[in-house]
Amino acid sequence: MSVLVFVDHTQGAFKKKSFETINYAAEIARTTGGNVTAVAIGSINAEELKQLGQYGAATVLHASDSKLDTFNAKAYAKIIAEAARQSGAKVIITAFDVAGKAVAPIVAAQLKAGLVSGAVSYPDTSNGFTVKKTVFSGKAFAFVKISSDIKVVSLVPNSFPVIKGEGSADVQPLSVSLSDADYGITVKEINKVSGGQVPLSEAELVVSGGRGLKGPENWGILEDLAGAFGATLACSRPVADAHWRPHHEHVGQTGGTIRPNLYVAVGISGAIQHLAGVNSSKTIVVINKDPEAPFFKAADYGVVGDAFEVVPRLTEAVKKFKESHN
Amino acid sequence: MKILVCVAQAPDTTSKISFTDNNTKFNEQGVTFIINPYDEWYSLVRALELKEAGIATEVHLITVGGAATEAVIRKALALGGDNAFRVNIESSDPYVIASQIAAFAKDKDYSLILAGKESIDYNNASVGALVAGLNDYNYIGFATQLNIEGSSAVVKREIEGGEETDTVALPAVISCQKGMAEARIPNMRGIMAARTKPLNVVEPVGADPLSEIVSYELPPAKTGVKLFNADQMDELVAALHNEAKVI
Chain D
19 MSVLVFVDHT QGAFKKKSFE TINYAAEIAR TTGGNVTAVA IGSINAEELK
69 QLGQYGAATV LHASDSKLDT FNAKAYAKII AEAARQSGAK VIITAFDVAG
119 KAVAPIVAAQ LKAGLVSGAV SYPDTSNGFT VKKTVFSGKA FAFVKISSDI
169 KVVSLVPNSF PVIKGEGSAD VQPLSVSLSD ADYGITVKEI NKVSGGQVPL
219 SEAELVVSGG RGLKGPENWG ILEDLAGAFG ATLACSRPVA DAHWRPHHEH
269 VGQTGGTIRP NLYVAVGISG AIQHLAGVNS SKTIVVINKD PEAPFFKAAD
319 YGVVGDAFEV VPRLTEAVKK FKESHN
Chain V
8 MKILVCVAQA PDTTSKISFT DNNTKFNEQG VTFIINPYDE WYSLVRALEL
58 KEAGIATEVH LITVGGAATE AVIRKALALG GDNAFRVNIE SSDPYVIASQ
108 IAAFAKDKDY SLILAGKESI DYNNASVGAL VAGLNDYNYI GFATQLNIEG
158 SSAVVKREIE GGEETDTVAL PAVISCQKGM AEARIPNMRG IMAARTKPLN
208 VVEPVGADPL SEIVSYELPP AKTGVKLFNA DQMDELVAAL HNEAKVI
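Chains as they are written, first to last, in this note's numbering: chain D, 19 to 344; chain V, 8 to 254.
Next comes the structure, spelled out in structure tokens:
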């Protein structure tokens, strides 16, 4: 089956999750026989587009109109649907991120394609097309079988390691005629808040703090720990609600859902609503002075102790480890 | 202007999740169903606020499901809303569900269709955007603020590592999340009023399911936490490297 991947970018630069979705598409194309085409939208330079070949895209269709530099779900979805028609793709892949969650269903509606949102496995094509996804906020998985001719799958970022190979993609312009009504959204203001950190949704390592840290002035020890690991900071809901930390750091049911390789929870009791956002993490370390904290039941490693004593020691141990492994 | 709020029922967050019939059916026994929190706290309450501010004239609720979902819709009506519609079809396929809402809304002059950012059962985060796609409306996902200025909506939404404020031409579908409104609890007057509010049953339009859930699986049980004391941080780091292989 030929596969189309929508690759989102930030000011002309692709990120890991884009490479991951191309790898994923390439694996589907390899096992079912077909080509991989990527579709990219907005101003991106040719070199950046060509390097998508290293991850498995044979062709890149590029809709470069500068009117498309700001995200617009409806216009983007129409371009992706057109790219699917032109490339003959039977499977369309996006990341299950802010952009992908908006465009994948609209593309599916336009192409009357069945949709799996939040896939965590490769499709099983031995008997149709069945994909595993998380349900009940990480408490279970469902196997969803798509019966339509065209299929749309959005992949949870950080589900697979990224593999970089050789190759250069053939970049072709894609022109799609859109009407004024397709540009019904204008951006008034953009506020970026993260300073240099890997965004939480893509972070492989996350250090997170809760009420047990007692106040925003105590976040220094977590910043040090995150710095030692090279991790991104997160926090629990009470911490964000009390404005100790910015809202975009909030993970849990009402905040972000993340799937890092390592989640270190400091001073977080592990309420079910918090677990809903982080329980797909591959490894969970819990540091809490209360041995009865429910989070220990969901943890792989735990330290029962005072955060102010344990965290600086862990930071030192991580630094020591990094120095000896460089 | 009229607002249509999409409301789904979902198992209470603290429900124990299990399956029957050889892991092909969700076991509803002992499960309490609630209004999907994102539909209730954010979309519905924001719609009610817009009505109270004199901006919206009517707030309608729609759900797609069997008769068993009526209890939850009554609860939603107790918070407010002028009337409610239940499209009488049970399906787990987002396309079928969205097709019902899109067909219902098509010629009814709703300026805004609000949905929660996701349902806490299937976590697809897709019905709102599917409705937008089916009816060719504008779509904004993960909105944290919504106001009306003239014939447009001004919406603040989450983006990677920040926020963006957009002006959106109506009609539009907006998926709502935390920040949109303050959670409310229905009062006795609302609960009494909800008993007599119209809950109309709508027959479904034909829509072939494009996907189906063939089975479920529970994640492997955690084998138990491995505990370290504060003097064993080197050992913990070694375990993260050698066993967990995450650093």
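For glycine and all other residues, C-beta sits at the position ideal for the given N, C-alpha and C.
Taking 8 Å as the CB-CB cut-off, is R331(D) touching chain V?
Cβ-Cβ to chain V under 8 Å: yes for R331(D).
Verify the CB distance criterion: does L243(V) have a CB-CB separation below 8 Å to chain D?
yes
Let's test the definition: count the other Cβ atoms within 10 Å of the Cβ of R103(D) and tell me whether it reaches 16, buried, or not, exposed.
exposed
Proximity test, G238(D) beta-carbon vs the ligand SAH heavy atom, cut-off 7 Å:
Inclusion of the ligand SAH in the displayed structure is not the case, the ligand content being empty and no account of it being possible.
Starting from V232(V), find everything on chain D with Cβ-Cβ shorter than 8 Å and list it in chain order.
One finds V304, F314, K315, A317, D318, Y319, G320 in chain D with Cβ atoms closer than 8 Å to the Cβ of V232(V), taken in chain order.
Which residue's Cα is closest to the Cα of Q291(D): G30(D), K338(D), A316(D), K300(D)?
A316(D)
Have a look at V328(D) and S193(D) and give me their C-alpha separation to the nearest angstrom.
57 Å
Between V162(D) and T70(V), what straight-line distance do the alpha-carbon atoms span, to the nearest angstrom?
So the alpha carbons of these two residues sit roughly 23 Å apart.
Does F159(D) come within less than 8 Å of chain V when only Cβ atoms are used?
yes
Whole runs of the alpha helix (DSSP H) within the region 65 to 113 of chain V, excluding any shorter than 4 residues:
77 to 86, 101 to 112
Which residue comes first and which comes last in the beta strand (DSSP E) that contains Q152(V)?
It spans 145 to 156 - the beta strand (DSSP E) in which Q152(V) sits, taken as one unbroken run.
For Y117(V), the residue or residues it bridges with in DSSP:
K9(V)
Quick one: is S144(D) near chain V, going by C-beta distance under 8 Å?
Contact with chain V is absent for S144(D), since none of that chain's Cβ atoms lies less than 8 Å from the residue's Cβ.
Could you please tell me which residues of the region 124 to 136 of chain D, in chain order, have their CB closer than 9 Å to any CB of chain V?
I124, V125, A126, A127, Q128, K130, A131, G132, L133, V134, S135, G136
Where the alpha helix (DSSP H) containing D241(V) begins and where it ends:
240 to 249
Given that I290(D) touches chain B, what residues does it touch there, using C-beta distances under 7 Å?
Considering every chain present, this structure includes no chain B. Its protein chains are D and V.
Does any residue of chain D have a CB that is nearer than 8 Å to the CB of F235(V)?
Residue contact with chain D for F235(V): present (Cβ-Cβ distance below 8 Å to some residue of chain D).
Taking buried to mean at least 16 other C-beta atoms within 10 Å of its own C-beta, is K157(D) buried or exposed?
buried
Would DSSP call K169(D) helix, strand or coil?
In the three-state scheme derived from DSSP, where H, G and I count as helix and E and B as strand, K169(D) is classed as strand.
Under 7 Å between beta-carbons, which chain V residues line up against A187(D)? List them in chain order, please.
Correct list: empty, because the minimum Cβ distance to chain V is about 24 Å.
In three-state DSSP terms, what is H266(D)?
Helix, per DSSP.
Compute the Euclidean distance between the alpha carbons of N145(V) and A245(V), then round it to the nearest angstrom.
Cα to Cα, the separation comes out at about 51 Å.
Can you list, in chain order, the residues of its chain whose CB lies under 7 Å from that of K35(D), leaving out five sequence neighbours each side?
A113, D115, P175, E220
By Cβ distance below 7 Å, which residues in the same chain neighbour Q72(D) in space, the five residues on each side in sequence not counted?
K182, G183, E184, G185
Residues bridged to G227(D) [DSSP beta-bridge criterion]
C253(D), V284(D)
Could you tell me the distance, in whole angstroms, from the CA atom of I111(D) to the CA atom of L173(D)?
When only Cα atoms are considered, I111(D) and L173(D) end up about 7 Å apart.
Could you name the residues of the region 125 to 140 of chain V whose beta carbon sits closer than 9 Å to any beta carbon of chain D, in the order they occur along the chain?
So the list reads E125, I127, D128, Y129, N130, N131, A132, S133, V134, G135, A136, L137, V138, A139, G140, given in the order they occur along the chain.
Between the CA atoms of R202(V) and P179(D) - distance to the nearest angstrom
54 Å
Going straight from the alpha carbon of S197(D) to that of Q16(V), what length do you get?
Roughly 37 Å between the two C-alpha positions.
Selection of the region 29 to 47 of chain D by Cβ proximity to chain V, strictly under 8 Å:
none
For I192(V), does the count of other Cβ atoms within 10 angstroms reach 16, so buried, or fall short, so exposed?
exposed
Are there 16 or more other CB atoms within 10 angstroms of the CB of P205(V), so buried, or fewer, so exposed?
exposed
Pick from Q107(V), V38(V), E170(V) that is closest to A214(V), judged by C-alpha positions:
Q107(V)
Straight-line Cα distance separating K119(D) from H266(D):
Whole-angstrom Cα-Cα distance: 17 Å.
Could you tell me the boundaries of the alpha helix (DSSP H) in which L240(D) lies?
Run containing L240(D): 238 to 247, per the alpha helix (DSSP H) assignment.
Is the beta carbon of A139(V) less than 8 Å from the beta carbon of V180(V)?
yes
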